[in-house]
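Chains as they are written, first to last, in my numbering: chain A, 620 to 1027; chain B, 69 to 382. Using N, Cα and C, we set each Cβ at its ideal position, and we do this for glycine too.
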């Protein structure tokens, strides 16, 4: 009798099971009243009206952008940094699917989900920056500027978001209990990864190549023919670092989701990710030196911009390179995690330097973001975090789905 | 679902196809070969300009930009600050001081109409066109508003209608394309200029005229025609009695067309995407084979088993 009733309640309440995580609506609402949710709600209450204001009243009143400084933090942080930090899916996906590094099994789904959300929210950020945001699909369907690096990026973004969706979607099909779709998409994952590696390498470097067109405007210490390579390698560093940092964070926040957690194994894997990061950072550092030597820009190092450049190089590249190496040498996962945070900061700084601080450096007029630009950026990041939490709480991202055997 | 040879071919072809479609790139950035070094242009002889700013007035008048009566342009106080072009100001005249004799030097600023324009190659929806007459024109009907053209322009010319809420566009001098496309038509600024500072004509002729003027008066001019070679050449050309650096015309831009800076990269990306496709495809086959072997060994899921049996039967 009782069994019958629960079955009935279950079938009539798909929403309760899937959306409210098994709680009634009232219980669910109650469970949402937490400090972090409060902060998130506050941010959204402030930022969503500002977003609407921007879309309705235009860029003029809602930004400090000008004819001299046409790109601000929505490009520098939301798009350029966001996409670099979304390289985790590329790095782990390649290691796992193509190089057969099966031990990274538990890192794959969270990394791919982060990348997918990273790209989607970067595009959202871009939307606010575009003067005619409602024409976003134009380069895809209306008019083709084939000589433009931006065109390459637009297409690669669109295709790569599809790749990430294919890679991520088995979790969605498991949640929706669609076996056929899951099977099909799981089989596609390897192919999506192959295609993804090709185009992700292309567009990560293309984001750097965007600035090749401004040799007279980007400070010579940052301008280099190697810009595409710099952006590609630093994106790999960003991808590795974000996986290290985020896996540590999610392990703490979603403790109940992470089952059979073997902390020794986790630390070992974290340290080997740190090892790869260290190698990539050293490579990046020496390539930067090569760039200086090639362009003969050494004398500029003793100018104010030179000091800023040295800060980026020493504190945000060389220091984390050594700290990661230290973590490997002394098997110290904690140092590796904090170093990942430092490396992430360094990459964001590099993107902001390239697109804003060292850009148009000799123009008398400087750009600094208006409060509303900052509010919108914070709002977008908050939305991404909420989306991540929403999905992780419902789908098998940090653990295996009990009804499905490992697809790996 | 077995990986047959047919499947292999189809999938490989699809990947290769995708790489090639992505690699169809115009060799020249949005211009026809005959427009290189051809077309019309304007020669500005800064030694003739008296700063009357009638060109500004005529430009606003013709382009239906907010304007003032021509009398108001006699006001010299605007010269106290250096000005650039803005959304509804396509040309401005700035005043510099000649370091030799402390005399004022007036320099008109507007779109240079490059022979191989950075904005044309930057735009991802082909909103810019370099016309055969020399003018670089803009089509607001496709513009998405990314402002990459403003990043790209070495002369800082394109301006944006930031205060246009829903349909903002990029604005700049059009070389009065709507006037010069008819034979005998002159740009509004050239027509109004009372001092012969501005001279419109075929670019080649103007270059010849400029060099002749220098030759005939070596004491007066700096022996250089600004715009003849800058970033691959521009349709607007300048003559000056003072070094160009001193009158706001950058001389560090080089002679390489700006679109060339990205061409090597565009080409390399395509090459790498084609070359990298193969090892990756084989890596993928290897990964799949490994996975199938593991599945065959363990036979974990009844679903998979059934599906495979189904495959075998058919």
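8 Å contact criterion, which residue i and residue j should meet: CB distance rounded
{"i": "residue 1008 of chain A", "j": "residue 700 of chain A", "result": "Actually they do not touch by this definition, with Cβ atoms about 21 Å apart."}
{"i": "residue 261 of chain B", "j": "residue 123 of chain B", "result": "6 Å"}
{"i": "residue 344 of chain B", "j": "residue 817 of chain A", "result": "6 Å"}
{"i": "residue 150 of chain B", "j": "residue 125 of chain B", "result": "The pair is not a contact, with the Cβ atoms about 20 Å apart (cut-off 8 Å)."}
{"i": "residue 335 of chain B", "j": "residue 773 of chain A", "result": "Actually they do not touch by this definition, with Cβ atoms about 19 Å apart."}
{"i": "residue 991 of chain A", "j": "residue 685 of chain A", "result": "Not really, about 15 Å apart at Cβ, beyond 8 Å."}
{"i": "residue 683 of chain A", "j": "residue 979 of chain A", "result": "In fact, because the Cβ distance is near 14 Å, the residues do not count as touching under 8 Å."}
Residue i CB to nearest heavy atom of the ligand MN below 7 Å
{"i": "residue 239 of chain B", "result": "The model depicted lacks the ligand MN and carries no ligand whatsoever."}
Residue i vs residue j beta-carbon contact at 8 Å
{"i": "residue 861 of chain A", "j": "residue 963 of chain A", "result": "yes"}
{"i": "residue 995 of chain A", "j": "residue 675 of chain A", "result": "no"}
{"i": "residue 190 of chain B", "j": "residue 832 of chain A", "result": "yes"}
{"i": "residue 850 of chain A", "j": "residue 820 of chain A", "result": "no"}
{"i": "residue 735 of chain A", "j": "residue 783 of chain A", "result": "yes"}
{"i": "residue 943 of chain A", "j": "residue 958 of chain A", "result": "yes"}
{"i": "residue 265 of chain B", "j": "residue 158 of chain B", "result": "no"}
{"i": "residue 640 of chain A", "j": "residue 1012 of chain A", "result": "yes"}
{"i": "residue 213 of chain B", "j": "residue 108 of chain B", "result": "no"}
{"i": "residue 863 of chain A", "j": "residue 892 of chain A", "result": "yes"}
{"i": "residue 768 of chain A", "j": "residue 333 of chain B", "result": "yes"}
{"i": "residue 771 of chain A", "j": "residue 337 of chain B", "result": "yes"}
{"i": "residue 914 of chain A", "j": "residue 839 of chain A", "result": "yes"}
Alpha-carbon spacing of residue i relative to residue j, whole angstroms
{"i": "residue 301 of chain B", "j": "residue 941 of chain A", "result": "48 Å"}
{"i": "residue 136 of chain B", "j": "residue 228 of chain B", "result": "21 Å"}
{"i": "residue 184 of chain B", "j": "residue 765 of chain A", "result": "15 Å"}
{"i": "residue 180 of chain B", "j": "residue 987 of chain A", "result": "29 Å"}
{"i": "residue 90 of chain B", "j": "residue 632 of chain A", "result": "Any reading at residue 90 of chain B must be qualified, since the residue scores a pLDDT of 46, below 50, and its modelled position is unreliable; the value itself is stated next. Taking the straight line from one Cα to the other gives about 47 Å."}
{"i": "residue 154 of chain B", "j": "residue 226 of chain B", "result": "8 Å"}
{"i": "residue 93 of chain B", "j": "residue 329 of chain B", "result": "Low local confidence applies: a pLDDT of 40 at residue 93 of chain B is under 50, so the model's placement there is unreliable, and no value is given."}
{"i": "residue 679 of chain A", "j": "residue 230 of chain B", "result": "4 Å"}
{"i": "residue 929 of chain A", "j": "residue 320 of chain B", "result": "25 Å"}
{"i": "residue 952 of chain A", "j": "residue 889 of chain A", "result": "6 Å"}
{"i": "residue 236 of chain B", "j": "residue 286 of chain B", "result": "47 Å"}
{"i": "residue 925 of chain A", "j": "residue 932 of chain A", "result": "10 Å"}
{"i": "residue 695 of chain A", "j": "residue 280 of chain B", "result": "48 Å"}
{"i": "residue 590 of chain A", "j": "residue 354 of chain B", "result": "The structure shown has nothing for residue 590 of chain A, since chain A only spans 620 to 1027."}
{"i": "residue 950 of chain A", "j": "residue 884 of chain A", "result": "12 Å"}
{"i": "residue 984 of chain A", "j": "residue 792 of chain A", "result": "52 Å"}
{"i": "residue 304 of chain B", "j": "residue 224 of chain B", "result": "15 Å"}
{"i": "residue 186 of chain B", "j": "residue 799 of chain A", "result": "50 Å"}
{"i": "residue 813 of chain A", "j": "residue 316 of chain B", "result": "51 Å"}
{"i": "residue 989 of chain A", "j": "residue 691 of chain A", "result": "10 Å"}
{"i": "residue 902 of chain A", "j": "residue 954 of chain A", "result": "21 Å"}
Any C-beta of chain A under 8 Å from that of residue i
{"i": "residue 151 of chain B", "result": "no"}
{"i": "residue 105 of chain B", "result": "Any reading at residue 105 of chain B must be qualified, since the residue scores a pLDDT of 47, below 50, and its modelled position is unreliable; no value is offered."}
{"i": "residue 388 of chain B", "result": "Nothing about residue 388 of chain B can be reported from this structure: the residues present for chain B run from 69 to 382 only."}
{"i": "residue 205 of chain B", "result": "no"}
{"i": "residue 227 of chain B", "result": "yes"}
{"i": "residue 333 of chain B", "result": "yes"}
{"i": "residue 189 of chain B", "result": "yes"}
{"i": "residue 297 of chain B", "result": "no"}
{"i": "residue 351 of chain B", "result": "yes"}
{"i": "residue 156 of chain B", "result": "no"}
{"i": "residue 199 of chain B", "result": "no"}
{"i": "residue 119 of chain B", "result": "no"}
Neighbour flag for residue i against chain B, beta carbons, 8 Å
{"i": "residue 773 of chain A", "result": "yes"}
{"i": "residue 762 of chain A", "result": "yes"}
{"i": "residue 767 of chain A", "result": "yes"}
{"i": "residue 723 of chain A", "result": "no"}
{"i": "residue 746 of chain A", "result": "no"}
{"i": "residue 980 of chain A", "result": "no"}
{"i": "residue 770 of chain A", "result": "yes"}
{"i": "residue 749 of chain A", "result": "yes"}
{"i": "residue 687 of chain A", "result": "yes"}
Residues that residue i bridges to, as DSSP identifies them
{"i": "residue 112 of chain B", "result": "B/266 and B/306"}
{"i": "residue 164 of chain B", "result": "B/173"}
{"i": "residue 978 of chain A", "result": "A/837"}
{"i": "residue 198 of chain B", "result": "B/204"}
{"i": "residue 294 of chain B", "result": "B/306"}
{"i": "residue 357 of chain B", "result": "Note: residue 357 of chain B sits in no beta bridge, so no partner."}
{"i": "residue 154 of chain B", "result": "B/157"}
{"i": "residue 228 of chain B", "result": "B/238"}
{"i": "residue 182 of chain B", "result": "B/302"}
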